[in-house]
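J.: For the sequence shown, the residue numbers in my numbering are 13 to 430.
The beta carbon of each residue, even a glycine, is placed where N, CA and C say it ideally should be.
Got a structure here, written out as structure tokens. Questions coming.
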Amino acid sequence: MRKLLIVAAVALLGACTDTAPITEGGGAGQAVKLDDFCAISGLKPALRETVLVIDQNSIKPSKPESFRTENADLFAAVIGLADAERALGSGAMAPREHLTIAVANAQTGGLNPIFSGCLPAMSKDELADRKSKDGVTEAYFGSDMASKLKEASRNFITKAVLMVAQVAGNGAGKGGDSFNNSGFARTFKVIGSGAAATDHIRRLIVFADPGGAFATVPEDYAQARKAGFEQAQTAQTNLGMSELYLVPAGRTIGDTQRAFLDAWFLSSGADLRHVGAFTPDSLSKAPVRITNYTGQLPLSREVMSPMELRLPTAADGSLVGAWISYTGSKGIRRTPIAGQFACSSDGCELTGDPEGSLGQRWRTAPGMQPQPLIDGPFGGMRLISGKDDGQTLKARIYDPIIYVGDSGDISFTAKRSN
13 MRKLLIVAAV
23 ALLGACTDTA
33 PITEGGGAGQ
43 AVKLDDFCAI
53 SGLKPALRET
63 VLVIDQNSIK
73 PSKPESFRTE
83 NADLFAAVIG
93 LADAERALGS
103 GAMAPREHLT
113 IAVANAQTGG
123 LNPIFSGCLP
133 AMSKDELADR
143 KSKDGVTEAY
153 FGSDMASKLK
163 EASRNFITKA
173 VLMVAQVAGN
183 GAGKGGDSFN
193 NSGFARTFKV
203 IGSGAAATDH
213 IRRLIVFADP
223 GGAFATVPED
233 YAQARKAGFE
243 QAQTAQTNLG
253 MSELYLVPAG
263 RTIGDTQRAF
273 LDAWFLSSGA
283 DLRHVGAFTP
293 DSLSKAPVRI
303 TNYTGQLPLS
313 REVMSPMELR
323 LPTAADGSLV
333 GAWISYTGSK
343 GIRRTPIAGQ
353 FACSSDGCEL
363 TGDPEGSLGQ
373 RWRTAPGMQP
383 QPLIDGPFGG
393 MRLISGKDDG
403 QTLKARIYDP
413 IIYVGDSGDI
423 SFTAKRSN
């Protein structure tokens, strides 16, 4: 039934009359908004929003009925996110998670939302509880919640496919005389940081063809990383501490190019989690709570820096989309944090993962051995740990082999801000 529905959505493109197509020049018609299930009485809202950004120049020209085959990678991403049954089953989306699909035109500098709404879905436990409250009469007449969700999810996926398949792509991604001047890099400038929020995190899934953007990227790994950091400072792109998944429109990204991108995006405020075709297996788990802190970070005996700490946590206690940011001599420094934030009746305990966070994310040289980083956040230290009593987090940033300052680590206290 789901496959038939998807095929039918594509076949119905010619009959869609309530929305206008997205033109080659980037002008947007009327966007579809389906917000009925963003808030359901008695249920918590989703704590993450997903934004699927489509670089208009990366779409292969096609007729609506052949869009599915001509742009298979893009079609797979839309279906994987907007098909409620599939997205919930695979873990790609959370119940009622907000999805925005937007078209970016690097030439005109436009970002045009064409579809937005909250996934019409409930967890198994939520739906079972609701069924116990719905009566036989509601179920018979199709006014029970299960029937409403089924109808809404059918409308959700159909409208999403219809809107994306109307985008008039030209398949003409362009390079530039440097990475920053490429259409690929300008696409991320167009995306921007989004609206500042403490009650949810943002996940970006970007469909964009790099084209010739990597022509000037050094072939040496260390030089590529160094160039990524340096060029990001020049580009001054701010992606707002987002998780980032790049679907490179069928192209293959080499190891050195990936190293460059990791550095460029990290310095631009994004954590590049995956590069390649869309797959639910590559996606992080959805957060079930977000704890925010503010405080002062002692960079030296004399210097106290304003600091913010964001700890979104999945159901298993793992951190997802967690960042620490502070103001140093080089401006605001933002660094992802990986690890666990486990809570019980006695409070919460933060345990960092040395393989995926803090100072070593900023290294340039290859290899597994940790490197002291004079110019990197926290001198390159890899670990963070702390305990929260419900109001205050007492924590330290440290490393077994990297010694910073007089005490060798950085201890701080931060207050909950939510």
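Helix, strand or coil, according to DSSP, for P412 in the structure here?
T.: Walking along the sequence shown from the start, residue 412 turns up at place 400. In this structure, P412 counts as coil in the three-state DSSP scheme.
J.: Label G364 either buried or exposed according to how many other C-beta atoms from any shown protein chain fall within 10 Å of its C-beta, with 16 as the threshold for buried.
T.: Along the sequence shown, one-based indexing puts residue 364 at 352. Result: buried.
J.: Just confirm the distance between the C-beta atoms of E61 and S74, as a whole number of angstroms; I'd bet it's less than 8 Å.
T.: Position 49 of the sequence shown, counted from the start, is the residue given in the question as residue 61. Position 62 of the sequence shown, counted from the start, is the residue given in the question as residue 74. Wrong, their Cβ atoms sit about 29 Å apart, outside the cutoff.
J.: Considering only residues of the same chain and omitting the five flanking positions on each side of I302, which have a CB-CB separation below 8 Å?
T.: Numbered from 1 along the sequence shown, position 290 holds the residue referred to as residue 302. Excluding sequence neighbours, I302 sits near L59, T210, D211, H212, I213, R322, L323, P324, T325, N430.
J.: Taking its Cβ as the centre, do 16 or more other Cβ atoms sit within 10 Å of T264, making it buried, or is it exposed?
T.: Here residue 264 refers to the residue found at position 252 when the sequence shown is read from its first residue. Label assigned to T264: exposed.
J.: Got a sec, what are the start and stop residues for the alpha helix (DSSP H) G195 sits in?
T.: The count along the sequence shown starts at 1 and reaches residue 195 at position 183. Unbroken alpha helix (DSSP H) run through G195: 195-203.
J.: Within the chosen definition, does the stretch 305-313 reach the stretch 111-120 through at least 3 CB pairs nearer than 8 Å?
T.: The stretch 305-313 is not in contact with the stretch 111-120.
J.: For my contact list, G371 and P389 are in at a C-beta cut-off of 8 Å; report their separation, rounded to the angstrom.
T.: Along the sequence shown, one-based indexing puts residue 371 at 359. Along the sequence shown, one-based indexing puts residue 389 at 377. Correct: roughly 5 Å between the Cβ atoms.
J.: Taking just the CA atoms, how far does T291 sit from I52?
T.: As a working note, residue 52 is residue 40 in the sequence shown. As a working note, residue 291 is residue 279 in the sequence shown. In a straight line, the C-alpha of I52 is about 29 Å away from that of T291.
J.: By the 10 Å Cβ neighbour count, where 16 or more other Cβ atoms means buried, how is M319 classified, buried or exposed?
T.: Sequence index remark: in the sequence shown, residue 319 carries index 307 (1-based). Buried, since its Cβ has 16 or more Cβ neighbours within 10 Å.
J.: Using C-beta distances below 8 Å, list every residue in its chain close to S419, excluding the 5 sequence neighbours before and after it, in chain order.
T.: Position 407 of the sequence shown, counting from 1, holds the residue named residue 419. Nothing listed; no residue qualifies.
J.: If distances are taken between C-alpha atoms only, which option among A227, A407, S78 comes closest to R428?
T.: Reading the sequence shown from its first residue, position 416 is the one you call residue 428. With distances taken between Cα atoms, R428 lies closest to A407.
J.: Whose C-alpha, out of T112, A133, S135, is nearest the C-alpha of I126?
T.: For the purposes of this step, residue 126 is identified with residue 114 of the sequence shown, where counting begins at 1. Closest by alpha carbon: T112.
J.: Does the stretch 76-94 come close enough to the stretch 266-274 that 3 or more CB-CB pairs lie under 8 Å?
T.: Flag = no, the stretch 266-274 and the stretch 76-94 do not touch.
J.: Assess contact between the stretch 171-178 and the stretch 187-207, defined as three or more Cβ pairs (one per stretch) separated by less than 8 Å. Is contact present?
T.: With a cut-off of 8 Å, the stretch 187-207 and the stretch 171-178 do not count as touching, because too few Cβ pairs lie within range.
J.: Rounded to the nearest angstrom, what separates K297 and Q245 at their Cα positions?
T.: Residue 297 sits at position 285 when you count from the first residue of the sequence shown. Residue 245 sits at position 233 when you count from the first residue of the sequence shown. Rounded to the nearest angstrom, the two C-alpha atoms are 30 Å apart.
J.: Less than 7 Å separating the beta-carbons of I414 and G398?
T.: Sequence index remark: in the sequence shown, residue 414 carries index 402 (1-based). Sequence index remark: in the sequence shown, residue 398 carries index 386 (1-based). No, Cβ-Cβ distance for I414 and G398 is not below 7 Å.
J.: Looking at the secondary structure, which residues open and close the alpha helix (DSSP H) in which M157 lies?
T.: Along the sequence shown, read from residue 1 onward, the residue named residue 157 stands at position 145. Taken as a continuous stretch (DSSP letters only), the alpha helix (DSSP H) holding M157 covers 157-177.
J.: Determine, using beta carbons only, whether L251 and A220 come nearer to each other than 7 Å.
T.: Residue numbering aside, residue 251 sits at position 239 when the sequence shown is read from its first letter. Residue numbering aside, residue 220 sits at position 208 when the sequence shown is read from its first letter. No.
J.: Any idea if I344 is buried or exposed, counting beta-carbon neighbours within 10 angstroms, 16 or more meaning buried?
T.: The residue given as residue 344 occupies position 332 in the sequence shown. Flag for I344 reads exposed.
J.: Let me make sure I understand the geometry here. Which of P299, M316, L278, I217 has the alpha-carbon closest to that of V287?
T.: The count along the sequence shown starts at 1 and reaches residue 287 at position 275. Comparing Cα positions, the closest option is I217.
J.: Mind checking G262: buried by the 16 CB within 10 Å criterion, or exposed?
T.: Here residue 262 is taken as the residue at index 250 of the sequence shown, counted from 1. Counting Cβ neighbours within 10 Å, G262 comes out exposed, since fewer than 16 surround it.
J.: Once DSSP output is grouped into helix, strand and coil, what is the label at Y152?
T.: As a first step, residue 152 is located in the sequence shown; it is residue number 140 there, counting from the start. Residue placement at Y152 cannot be trusted, given a pLDDT of 38 that sits under 50; the coordinates are not used to answer.
J.: Quick check on DSSP: helix, strand or coil for D67?
T.: To locate residue 67, count along the sequence shown from 1; it is residue 55. DSSP places D67 in strand when its eight states are reduced to three.
J.: By how many angstroms is the C-alpha of Y257 removed from the C-alpha of G103?
T.: Working through the sequence shown from its first residue, we reach residue 103 at position 91. Working through the sequence shown from its first residue, we reach residue 257 at position 245. Distance between the alpha carbons of G103 and Y257: 15 Å.
J.: Threshold first: 4 residues or longer. Then list the alpha helix (DSSP H) segments lying entirely within the stretch 74-137, N to C.
T.: You should have 79-82, 84-94, 96-102.
J.: Taking Cβ positions, are A172 and A94 nearer each other than 7 Å?
T.: Taking the sequence shown and counting its residues from 1, the one referred to as residue 172 is at position 160. Taking the sequence shown and counting its residues from 1, the one referred to as residue 94 is at position 82. Yes, the Cβ-Cβ distance between A172 and A94 is below 7 Å.
J.: Identify every residue that forms a DSSP beta bridge with G219.
T.: Numbered from its first residue, the sequence shown carries residue 219 at position 207. Sequence inspection shows Phe at residue 219; the Gly mentioned does not correspond to that position. Paired residues: I66, V259.
J.: How is N192 classed by DSSP in three states: helix, strand or coil?
T.: Residue mapping note: residue 192 aligns to position 180 of the sequence shown, counting from 1. Looking at N192 - three-state DSSP - the assignment turns out to be helix.
J.: Contact check, V65 vs A114 under 8 Å by CB: the rounded distance?
T.: Position 53 of the sequence shown holds residue 65. Position 102 of the sequence shown holds residue 114. Confirmed, about 5 Å.
J.: Just the C-alpha distance for S423 and R285, rounded to the nearest angstrom, thanks.
T.: As a working note, residue 423 is residue 411 in the sequence shown. As a working note, residue 285 is residue 273 in the sequence shown. Spanning the two alpha carbons is a distance of roughly 29 Å.
J.: Between R394 and P366, which are expected to be in contact by the criterion C-beta below 8 Å, what is the C-beta distance as a whole number of angstroms?
T.: Taking the first residue of the sequence shown as position 1, residue 394 is located at position 382. Taking the first residue of the sequence shown as position 1, residue 366 is located at position 354. Yes, they are in contact, since the Cβ atoms of R394 and P366 sit about 4 Å apart, within 8 Å.
J.: Just mark D332 as buried or exposed, buried being the case when its beta carbon has 16 or more other beta carbons within 10 Å.
T.: In the sequence shown, residue 332 corresponds to position 320, counting from 1. Contrary to the premise, residue 332 reads as Val rather than Asp in this sequence. Per the 10 Å Cβ criterion, buried.
J.: Relative to the alpha-carbon of P230, which residue among G266, P260, S144, T249 has its alpha-carbon at the smallest distance?
T.: Locating residue 230 in the sequence shown gives position 218, where the first residue counts as 1. If we check each option's Cα against that of P230, G266 comes out closest.
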